[in-house]
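Q:
There are 4 protein chains.
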Amino acid sequence: MVNPADRSGWLANEHPQEECGVLGIYAPREDVARMAFFGLYALQHRGQEAAGIAVADGREIRMHKDSGLVSQVFSPARISALTGDFAIGHVRYSTAGSSSLRNAQPYLIDTQYGQIAVAHNGNLVNASQLRSSMLRNGVGFSSSSDSEVLTMMLAGASGGDWFERIRQTMQHWQGAYSLVILTRDQLFAVRDPWGIRPLTVGMLPNGGHAVASESGALRTLGCQAIREVKPGEIIMLTDTALRVAQAIPPASETALCTFEHIYFSRPDSFWDGQSVHQVRQRLGEQLAREAAVPADVVIPVPDSSIPAAIGYARQSGIPYNDGFIKNRYIGRTFIEPTDSLRKMGVTLKYNVINENILNQRVVVIDDSIVRGNTTRPLVKLLQDAGAREVHLRITCPPIRHPCFMGVDMGTYEELAAHRHSLEEIRRFSGADSLAYLSLEGMMNAIGRSNGYCNACFTGQYPFPVDAHVAKTGFEKPEGEPA
Amino acid sequence: MVNPADRSGWLANEHPQEECGVLGIYAPREDVARMAFFGLYALQHRGQEAAGIAVADGREIRMHKDSGLVSQVFSPARISALTGDFAIGHVRYSTAGSSSLRNAQPYLIDTQYGQIAVAHNGNLVNASQLRSSMLRNGVGFSSSSDSEVLTMMLAGASGGDWFERIRQTMQHWQGAYSLVILTRDQLFAVRDPWGIRPLTVGMLPNGGHAVASESGALRTLGCQAIREVKPGEIIMLTDTALRVAQAIPPASETALCTFEHIYFSRPDSFWDGQSVHQVRQRLGEQLAREAAVPADVVIPVPDSSIPAAIGYARQSGIPYNDGFIKNRYIGRTFIEPTDSLRKMGVTLKYNVINENILNQRVVVIDDSIVRGNTTRPLVKLLQDAGAREVHLRITCPPIRHPCFMGVDMGTYEELAAHRHSLEEIRRFSGADSLAYLSLEGMMNAIGRSNGYCNACFTGQYPFPVDAHVAKTGFEKPEGEPA
Amino acid sequence: MVNPADRSGWLANEHPQEECGVLGIYAPREDVARMAFFGLYALQHRGQEAAGIAVADGREIRMHKDSGLVSQVFSPARISALTGDFAIGHVRYSTAGSSSLRNAQPYLIDTQYGQIAVAHNGNLVNASQLRSSMLRNGVGFSSSSDSEVLTMMLAGASGGDWFERIRQTMQHWQGAYSLVILTRDQLFAVRDPWGIRPLTVGMLPNGGHAVASESGALRTLGCQAIREVKPGEIIMLTDTALRVAQAIPPASETALCTFEHIYFSRPDSFWDGQSVHQVRQRLGEQLAREAAVPADVVIPVPDSSIPAAIGYARQSGIPYNDGFIKNRYIGRTFIEPTDSLRKMGVTLKYNVINENILNQRVVVIDDSIVRGNTTRPLVKLLQDAGAREVHLRITCPPIRHPCFMGVDMGTYEELAAHRHSLEEIRRFSGADSLAYLSLEGMMNAIGRSNGYCNACFTGQYPFPVDAHVAKTGFEKPEGEPA
Amino acid sequence: MVNPADRSGWLANEHPQEECGVLGIYAPREDVARMAFFGLYALQHRGQEAAGIAVADGREIRMHKDSGLVSQVFSPARISALTGDFAIGHVRYSTAGSSSLRNAQPYLIDTQYGQIAVAHNGNLVNASQLRSSMLRNGVGFSSSSDSEVLTMMLAGASGGDWFERIRQTMQHWQGAYSLVILTRDQLFAVRDPWGIRPLTVGMLPNGGHAVASESGALRTLGCQAIREVKPGEIIMLTDTALRVAQAIPPASETALCTFEHIYFSRPDSFWDGQSVHQVRQRLGEQLAREAAVPADVVIPVPDSSIPAAIGYARQSGIPYNDGFIKNRYIGRTFIEPTDSLRKMGVTLKYNVINENILNQRVVVIDDSIVRGNTTRPLVKLLQDAGAREVHLRITCPPIRHPCFMGVDMGTYEELAAHRHSLEEIRRFSGADSLAYLSLEGMMNAIGRSNGYCNACFTGQYPFPVDAHVAKTGFEKPEGEPA
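Chains as they are written, first to last, in the working numbering: chain B, 1 to 482; chain Z, 1 to 482; chain S, 1 to 482; chain E, 1 to 482.
See below:
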C-alpha cells in the first residue's frame, strides 16, 4: 500500500487497464469507415492511447492509425479517404511513455496470399516461445507485441484459404485472443477457445454485419440479432448471412473474464448473455447482504460503481446519493500540484458534495482495489467533508494475482491484497470498515457457478502460465524495435 | 421545435450556454499560476472555448491565453513562466466559429496608471451605448466584446487609486458583471449591484485569499471561510485580511440568476448560501409533488439532472436508476453520421441501458428545454429501447424569454416555449406526458420568495432592456476586429 | 567584437534586421487573398516572424494572422475564407522570444468611422510621446508597438473622409512609415515625407492596382507601370486609376534608406529608380577601384553579396567563383553544437568548397559588418580550407550608429565599428586585410550625391532623435500587454 | 513535353529525385546523436521527406524518425534522449502522398541475433524476386520497400558474426546499395560491388570515425583522412582504426552514378576522387566549347547550375551574371495560383532580374531536362523580361532511359527526350537554341573514360534489368502496408 501522499498516486488510475477494443464491419452499401469511427467511439473506454481503422474495397487495404483518442486520430478527410466495403478498427489502452504509435493497431502486412490487417484484444501466454521460434527461422520483428507474432504467423500459415489458415494457426495459440482479420475482400472474427475476452456479432439494419468487443458498440451502430462469437469460432462476415465455423473445440471449461462484469464493459453491454448494468446492480445487492452496516447514505465512486451503489442502496434501504463529483475535463494534463498545494488539499479528479456527507455515516461503493494508491485519498476527502463514518465496500474479492490474459493489473509486488492483509488495507485506507464481496457472492450475483476466469482472485489460471514468460506482454524493454 | 433528424440538432447542446468563469488568487508564498490552473480546472464546466491566466509579481503582469480546454492551453512550461504573487484566470464558453482566440480573456492593456488585466463573467446591457460614446471620443476597439468596453473604461477612469477608479466606473455599468481586476501589485474582485452572476471569496490555508465564480473552485484550492462577494462590493485581496468596500449600494431588489441552481453551477458549489446539489434534489422532490405519475423507474438525463432525479425518486417512491449512458469522450469531433447512418440509429452522445427501460413506464428528469432540438431524440431512444411509457419532467418552468445578462439562451425565435404551447412541445417530443415545474414550486424548492432573476421564465427583467441593443453581446458580426 | 567561439554568434545573423514588408491589392475580379499570399511570399525576406492578411469586401474586413512563415500561416482553407476585393498584408521580421503573435500585423480595429486595418513598415521616433499623450486621455494599449499608436491615432482623427483623416494624422508623425490602410471599401498607401522606407505601386494586368514595399513583389503579381509612392503622398487604389494626393510636402531633403541598396531589397527590385542588382554590382566595382589587392579569386558571402562580388571580379579582372555553400534548410533549429563539436569545426550555416580556396589568395565580399560576431568564423573557415591570404572587402562604410527608423542594427554598445578601430576589427577577424567602401564611393556607385539617410555611417539623422525615446521600438519590456 | 500551363508543372521539380542520404558515426566520447543531427543536416539536399536517427549504447538501440525536415523531426529533447556511442541516420527524398512515415528509415528490427537498424541509399533491382521468395517462406512485409527486404534478409542470414552475415547476404543483392548497419555494439558501412551510390568514411578529430553518403557531410563533422568505401567493401567503424574487408570482389566494370556529378552531390563534396564543384565548372567549360553561341550574358538556373555557368562564362569569355532569383522560402506550400493569376504571370519559384536580361542575348545553363515541364516557363520568364535571344545549354546528354538504381527519373513515357526529338523540345521550350553536352564531352570533363553508369543517357545498364520488375521501387500501390 502506497503512501497516500505519493506523487505517483495523484493521477493514477486505481483500476485494471484493459488492453484494447476491436471492431469489424461489412456494409457494402454504407460508409464503412464512418461506421467504424462511431463504433470505435463507443469502445473508447477500452483504450485511449491509440486508434486505427483499416478498410478494404475488394482490391486493396488502406489504413490510418495514430496515437490519441478516436476523435483526435480521425478527421473528416481521413475518414473520407478510407473507402471500401469492409473495415476493421482498434483502440488501445493508455500506457506511459512514447511507445504509443509503434503499438497502434491494426497491423497491416503483405503476405504471400496478399494483404492482411489484424486487430487483437487479449494476450497470448505462449507468445514468447512462438516469437523465439520464428526469430530462429529468420523472421525479424518490429515490436515486442504478441499481436505482431500472431499476425506474422498468419503470413506463414498454410492452407487453401484464409478460413483454413486461421484455423490451423489457432492450434498454436494459447491465451486470450478476440481478433478481427481483414483481407482485401474478406473479414473474419475469431475468438479463443476459452472465450476469455468478449466478442459479439450482429446484423446491420441495411444489410451486412458488424462485430465488436462489446454489444454496446453494436447497438450504437443500430445492430440487431446480436450474439457472441463463441469460444473457438471463426465467423466470416458477409452481406446476407454469417458463415460460422467451430474452428477448434471450445475449452472443456471456458474462462470468461469476470472483470468485464466488474469494471471493463459499458453498462449497456451484454457479457455472457447478461446486462452488465444489471449484473453490477446485483453485485451491489449481494454486497449489501454480505456486508451490511448501519449508515445514512450510500454513494458510488463514479462512474463504474454507480449501478452497484444503486443496488446496495435498494437492498439495504439506505438512501442512495451522489457524494463525489468527477471532473470530466481531466484529459491528459501533465501539470501536478506542488507538495504544498497537495497538503492544502488541492484536488483534481474528485470533489466532494460536502452537504451530502457532513455528519453522515457513509457507505462508499468501489468496484475494485488494485494497487491501493487512490483509496486513502478518497476516504480522506470524505472525512475532511465531515463524514461521521466511512464504510468501504468493494464489489469483488481481493485481487491477489496478476492477469496474463490481456489486462494490466500490475505485478504481484504491486497488488495491495497480495502484500497486505485486509485489516492492513483498511487501516491504511483510514476507513472505519472495509469489506470485499465474497467469490461465491460475486458468482451468485453473476448467476453462474463456473465458466469464468477468476485467476486474479484465486490464482487458478485457465492453463499453465509461466509467469516470467507471460509477463513480457507488459514489460516491454525501452529500446525495443520501433 | 426542430425536426429530430435535423443535422444541427445532432450535437447541439440543449442547455443554455454560460458565458464564463473567473478566478483570482493572492498567495505570496505559493505558485499562484499553478493554483490558478487548478482553480480554472474546477471552473471548466463554465466555459470550454478558451482559457487564460495573468500573473503579477509587483512589477509587471505576464499573461498566457489561448483557445482550448485549460489542460490544452497550459503546459508545465507555460505555468512555470508565470511567476508572481497575484493571478487572475478566465474560462470562456464554447461557441461555433473561429473567433475563440480573439475573445479569450483576461484582457491585458497598458493604461496611464500602468498595466491592468481584467476577467469578466456577465454581460453589460448598456455596453453598446458606452462603446459608441468611446468610439466617438476616438478610441478604437479590437473586438465587439462588452468586456473590452469595460476594460477600456477603466483605462480612462479618474481617481487617485484603483479602488476609486473602479468605484467611479461602476456607476456607468448596467448589467451583470462579476469581475477580477489585476494590476501589477493589486487584485480586486467586483460584483454588480444586482448580484446577477456568482462570485465568492475565501481564505487560503497558507495565507492569502482567492476569489472564484463558484465556491466549488475555492474548495478545490483548499479555501475556508468562504463567503460571497456581495452585490455592489469591491474586495481587494491581501495577505492577511480582505479589504472590503460597498462601492455602490446593492439594488433594492437583487436579481440572482436562478439558472445557477437549475443547471450552471457545480453540484458541490453554494449559490445564495445553499448547496446546489440539495436545491436540485428539492427541485426534483417538488416536481414529484406537482407532477406525479404512476411509473416503474425514474431516470435522469446525465449529468446535471441526477440530483433532481434522486429527489423525484425519493419523494415519489418510484425506484431511481440509470437509463442513459453519456459518452465521456465526445470532445470536439467534426465527424457526423450520414443520413443513412442516422436513420439506422447511430448515436453518439447517449446510449440507453435497454434492460432498465424495456417494458417500463419511465419518468425522465431533465433540467430545462431551451430550443427543444434534443428532446425528441432522447424520448425516441427510450421508446426504441422498449419503454412502455415516457413521462418527461422538467425541473424549471418553460423558458419563454432570452437572457441579456450573460447567458446564451438563444433568441425569442429559437425558444421552443416561446413559439409553441406545452401540448405542442409534448407532441413533438413524442413523450406520453410532459410537465414543467411551476415558478412557485421552483422558488419553494430554492427556499426564497424573491431576490432572483426569473426573466427567462417571466419576461420581467431586473432593469429595462432594449432587446435590440442588449443582444449585441451574442450577435457578433463575422468580420469583427480580431 | 565578440569572441568568435561565443555561443550567441553561432546562428546569429550578422546583418541588420528589417522591420517588415507591406502589401496592398485592389483587384475586384480576382482572388485578392491568394494574390496577397503570393505577394507576401515575395516579401518574405523582409520578415520571417509573422504574417497576416486582411481582406475587405465592401461591407466588412476579415483577417488572419499568425506567427510563422507565409506558407505556414496560410492554408488553402484560410485563403479561401478571405473573400473580397481589397487586401492588405504584412510580414514581420524575426526576433527572439515569444512575442511574435502579439506584434503580428495588420492591426484591425473598430472606429467611430467603421473598421480599419493597418500594416506598417518603419518606426515613428516620436511614438513614445504620442502614446503617453493618448494614455493620459484614457486610451488603453494592448502592445508597446508604434504601429498600434499610429492605428489608434487614426481611430481618433477628425475629418470628413479617410483621405482627410490620414492627412491630418500624418502631421503628427515623425519618423519612417510606409503604410497600407484598409477600410471596408477603400485602400490607401501612405509614405512619410522623408521617404525613408520604400513603397511602390503598380497596375495589375486585369485591372486594379497593387502596392508593395518592393517592386519585386509587384512584378511577381504581374504588375506594370510601377512607380514609387512619393514622399508625403497618399494614394488611393481604385479599379481604373490611382487617386494620388501630395498630403504633406516632402521633406526639403529626403532620407531614403541606403541599406535597401546594400542589403535589404531583393536584387530584382528597384529602389530610387535603380535596379538593386545593378547598384550592388557597381558597389563591387567601386570597391575594386578603392581597395584593390592582388588575388586569385573573388568570392561572395552568399546570397546578398553575390552581385557585388561579380562587380568586384569584373572590375579587378580577378576570377569570380563560389567559395561558400550556404545551407538552405537551416529553418528554425534550436539544436546547437556542443563546445566539443564546435571545436571540432562542426559548421551549420556555411561550408567551404575547399578546392576553390586551397592555396589561393581570396577576396571575400560581404555587404556589411554590424556586430562582428560572424566575421571571424567565416575567415577561419577559409583559412582552414588552405587559403593563402584572405582579404575582406565590405560594400559599405563602417556602421557606427544605430538606426531609429525601423531597422534593428543593435545599440551603440553592440556595433563593432563603434567600439573598435578598423585595425582592431581586422585583427579580430583574422583577415590579412580589411577594407570598407568609402561613403563617397558608395554614393558614386548609387549615382546620387544626396537624398539618402546615411545616419548609421555618419550619425547625421534626418531629424533630431532622442536616442532614449527612439529606442523603445526595439526595447520591449518582457511583460508588455499581449 | 507537358503543356507549360499544366498545373502539375507549377511546383514540379524538373530534376531527378535522389532516393536518400545515409550516415553513421562511432564517437565514444561525444554526443553522437547531436553529431548525427548535424551530419544529416548536411545531407538534407538528398532527401526532404523524412529523417531518422538510431543510436546504440552497447546494450540496446533507440530510434526516432518522422516525416519532415531534419530540423523539424528532431527537437533538443529528442536528441538528448538518444544516448550512446554509435549512431546511424537517414534522410529520404520527397514524394507526393501520405506514405512518408511508413517509408522513413532507419528500419529497426529484432532478430535472432539481437536488434539491428539499417539505413539504405540505392535500389535493389532484384528486390521483387527476393521479396517473393521470402513471402513464400511465410515472412510478412509491412512496406513494399526494397530496404525492408534487405533488412529482413539480414535477420535470416547465417554466419557466426555480423561481418559474415552481411558478407553472405551481399551475394544475393543485385543493384545499388550504400548501407549503414547498426547493432547494439557495432556499426558497419557497406557498398555494392558496382559502387553505384557514393559512400565515404573519415576519421573524427577526437577519435572514432564517421561514414556518410557525401564527403561534404563528413567535413561538416570535422572529419579528416576521408576516403570512399570501395565497391564491395564492408567497413566496421571502431575507435582507433577501421576494420576493412573486401567482402565481395568489385564488379569488373564499376558503375558510378554520373548524376552525382551533374546534380545530386553538394558542390563541396568529392565523387570518385574529384571535387564536384570543379567537375561542374569543367562541364560548363566543355559545353562552351561544344555549343558556343554569340551572346551577352551567361546565367545559371540556381542553385545547381551555378558552377557550370561560371565555367561556361570563363571559357566563352561571355560575362557571367545572375538572371533568376530563387525564392528561398518556398517550403511545402499547397497554395497554387489560379489560372487567371498564372496567366497574369504570377510566379512563385523564380523571379527574373529584368535589368540583367533586357535586350540581352542570354545563355541559360541548366543541369538537365527530365520531364521538361519547367523548361518552357523558365524561358518565358526571360522572354517576358525582354531577352533578345535565349540559348538553353544543358550540362549533360539527353535523358532517354529510366534509372533503376535508386533515382526517380520517371518512366519512359515521362521522359521528354524519350518521346521527343531535340528540335521538338527546343520548339516546345521556346528557346532560340538548345544544346546538350555530348556523352564524350561529359566524360572528358569528368576526366574518366569508363567506370560510370550512363544508362539514363545510353540505356546500357550495368546488369540486366527487367524493367517491369525493377520499377516496383517507384510504383508503390496506394494501399500498401503501413
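Just so you know, even glycine gets a beta-carbon here, dropped at the ideal spot from N, CA and C. As the structure is a computational prediction, the values presented were derived from the model and not from experiment.
Using a Cβ-Cβ cut-off of 8 Å, state whether E:Phe-463 counts as contacting chain B.
A: Position 463 of the fourth sequence, counted from the first residue, corresponds to residue 463 of chain E. Taking Cβ atoms only, chain B never reaches closer than 8 Å to E:Phe-463, which makes this a no.
Q: In chain E, which residues lie less than 9 Å from B:Ala-435 when you measure between Cβ atoms?
A: For the purposes of this step, residue 435 of chain B is taken as residue 435 along the first sequence, with counting starting at 1. In chain order: nothing, as chain E lies at least about 47 Å away.
Q: Check each candidate in E:Arg-388, E:Ala-210 and E:Glu-233 and name the one with the smallest Cα separation from E:Phe-38.
A: Here the question's residue 38 of chain E lines up with position 38 in the fourth sequence. Out of E:Arg-388, E:Ala-210 and E:Glu-233, E:Ala-210 has the C-alpha closest to the C-alpha of E:Phe-38.
Q: If you measure from the beta carbon of Z:Leu-381 to each beta carbon in chain B, is any gap under 8 Å?
A: One-based indexing of the second sequence puts residue 381 of chain Z at position 381. With 8 Å as the cut-off, Z:Leu-381 does not count as an interface residue toward chain B.
Q: Residues of chain B with CB under 7 Å from Z:Asn-321, in chain order?
A: What you label residue 321 of chain Z is simply residue 321 of the second sequence in a count that begins at 1. Per Cβ cutoff of 7 Å: Ile-310.
Q: Which value, in whole angstroms, describes the spacing of the CA atoms of Z:Asp-367 and Z:Ser-421?
A: Here residue 367 of chain Z corresponds to residue number 367 of the second sequence, with the count starting at 1. Here residue 421 of chain Z corresponds to residue number 421 of the second sequence, with the count starting at 1. If I take the Cα positions, the gap works out to 18 Å.
Q: Leaving aside the five residues before and after S:Ser-449 along the sequence, list all residues of the same chain whose C-beta is less than 8 Å from its C-beta, in chain order.
A: Counting from one through the third sequence, the residue named residue 449 of chain S turns up at place 449. Here the set comprises Met-443.
Q: For S:Glu-30, count neighbouring Cβ atoms within 10 angstroms of its own Cβ and tell me buried if that reaches 16, exposed if not.
A: Stepping through the third sequence from its first residue, residue 30 of chain S is reached at position 30. Buried, by the Cβ-count rule.
Q: Counting pairs of beta carbons, one from the segment 432-439 of chain Z and one from the segment 215-228 of chain Z, are three or more of them closer than 8 Å?
A: Not touching, per the Cβ criterion.
Q: Between which two residues does the alpha helix (DSSP H) holding S:Asn-354 run?
A: Residue numbering aside, residue 354 of chain S sits at position 354 when the third sequence is read from its first letter. It spans 354-357 - the alpha helix (DSSP H) in which S:Asn-354 sits, taken as one unbroken run.
Q: Are the C-beta atoms of Z:Ile-306 and some chain B residue less than 8 Å apart?
A: As a working mapping, residue 306 of chain Z is identified with position 306 in the second sequence. Cβ-Cβ to chain B under 8 Å: yes for Z:Ile-306.
Q: Determine the contact status of E:Ser-147 and E:Val-118, defining contact as a CB-CB distance below 8 Å.
A: Taking the fourth sequence and counting its residues from 1, the one referred to as residue 147 of chain E is at position 147. Taking the fourth sequence and counting its residues from 1, the one referred to as residue 118 of chain E is at position 118. Going by C-beta atoms, E:Ser-147 is nearer than 8 Å to E:Val-118.
Q: I'd like to know if the segment 367-387 of chain Z and the segment 416-430 of chain Z are in contact, where contact means that at least 3 CB-CB pairs between them fall below 8 Å.
A: With a cut-off of 8 Å, the segment 416-430 of chain Z and the segment 367-387 of chain Z count as touching, because enough Cβ pairs lie within range.
Q: Would B:Gln-112 count as contacting chain E if we go by Cβ distances under 8 Å?
A: Counting from 1 along the first sequence, the entry for residue 112 of chain B is found at position 112. Cβ-Cβ to chain E under 8 Å: yes for B:Gln-112.
Q: I need the straight-line Cα distance from B:Pro-250 to Z:Phe-324, nearest angstrom please.
A: In the first sequence, the residue the question calls residue 250 of chain B occupies position 250. In the second sequence, the residue the question calls residue 324 of chain Z occupies position 324. Approximately 35 Å, taken between the alpha carbons.
Q: Quick check: is the beta carbon of B:Met-203 nearer than 8 Å to any beta carbon in chain Z?
A: Numbered from its first residue, the first sequence carries residue 203 of chain B at position 203. By this cut-off, B:Met-203 is not an interface position.
Q: Excluding the 5 residues preceding and the 5 following Z:Ser-98 in the sequence, name in chain order all residues of the same chain whose CB lies nearer than 7 Å to its CB.
A: Counted from its first residue, the second sequence places residue 98 of chain Z at position 98. Only weak support exists for where Z:Ser-98 lies, its pLDDT of 40 falling under 50; the coordinates are left without a value.
Q: Return the residues of the segment 255-266 of chain E that lie within a Cβ-Cβ distance of less than 8 Å from chain S, sorted by chain order.
A: Arg-266
Q: What residues from chain S crowd round Z:Ser-142, counting only those whose CB sits closer than 9 Å?
A: By 1-based counting over the second sequence, the position of residue 142 of chain Z is 142. From the beta-carbon of Z:Ser-142, the residues of chain S found nearer than 9 Å are Tyr-107, Leu-108, Ile-109, Asp-110 and Ser-142.
Q: Decide if E:Glu-355 is buried, meaning its Cβ has at least 16 other Cβ atoms within 10 Å, or exposed.
A: Indexing the fourth sequence from 1 puts residue 355 of chain E at position 355. Burial call: buried.
Q: Flag this pair as yes or no: are the beta carbons of E:Lys-65 and E:Gln-105 separated by less than 8 Å?
A: For the purposes of this step, residue 65 of chain E is taken as residue 65 along the fourth sequence, with counting starting at 1. For the purposes of this step, residue 105 of chain E is taken as residue 105 along the fourth sequence, with counting starting at 1. Yes, the pair counts as a contact, with Cβ atoms nearer than the cut-off.
Q: So, S:Ser-213 versus S:Leu-199, is the Cβ gap smaller than 8 Å?
A: Reading the third sequence from its first residue, position 213 is the one you call residue 213 of chain S. Reading the third sequence from its first residue, position 199 is the one you call residue 199 of chain S. In this structure, S:Leu-199 lies closer than 8 Å to S:Ser-213 by Cβ.
Q: Mapping DSSP to helix, strand and coil, what is B:Arg-197?
A: Position 197 of the first sequence holds residue 197 of chain B. It is coil, neither helix nor strand.
Q: Whole angstroms are fine: how far does the CA of E:Gln-44 sit from the CA of E:Asn-121?
A: The sequence position of residue 121 of chain E within the fourth sequence is 121, counting from 1. The sequence position of residue 44 of chain E within the fourth sequence is 44, counting from 1. Near 13 Å, if we compare the C-alpha coordinates of E:Gln-44 and E:Asn-121.
Q: Can you tell me whether B:Trp-162 is helix, strand or coil according to DSSP?
A: Numbered from its first residue, the first sequence carries residue 162 of chain B at position 162. DSSP places B:Trp-162 in helix when its eight states are reduced to three.
Q: Here's a check: name, in chain order, each residue in its chain whose Cβ is nearer than 6 Å to the Cβ of S:Ala-288, leaving out the five neighbours to either side.
A: The residue you call residue 288 of chain S lines up with position 288 of the third sequence. These residues qualify, in order along the chain: Tyr-312, Gln-315 and Ser-316.
Q: Chain B partners of E:Ala-155, CB-CB under 9 Å?
A: Here residue 155 of chain E corresponds to residue number 155 of the fourth sequence, with the count starting at 1. Chain B residues near E:Ala-155: Leu-135, Gly-138, Val-139, Gly-140 and Phe-141.
Q: Could you tell me how far apart the beta carbons of Z:Val-494 and Z:Val-293 are, in whole angstroms, since I believe they sit closer than 8 Å?
A: Because chain Z here runs from 1 to 482, residue 494 of chain Z falls outside it and cannot be looked at.
Q: Taking 8 Å as the CB-CB cut-off, is B:Asp-238 touching chain E?
A: Counting from one through the first sequence, the residue named residue 238 of chain B turns up at place 238. A quick correction: the sequence has Thr, not Asp, at residue 238 of chain B. So, not an interface residue.
Q: Looking only at its own chain, which residues have a Cβ that is under 6 Å from the Cβ of Z:Tyr-461, when we skip the five neighbours before and after it?
A: Taking the second sequence and counting its residues from 1, one reaches residue 461 of chain Z at position 461. Taken in chain order, the residues that qualify are Ala-455.
Q: Are there three or more Cβ pairs, one per stretch, closer than 8 Å when the segment 162-169 of chain Z is compared with the segment 228-243 of chain Z?
A: Judged by Cβ distances under 8 Å, the segment 162-169 of chain Z makes contact with the segment 228-243 of chain Z, as three or more pairs qualify.
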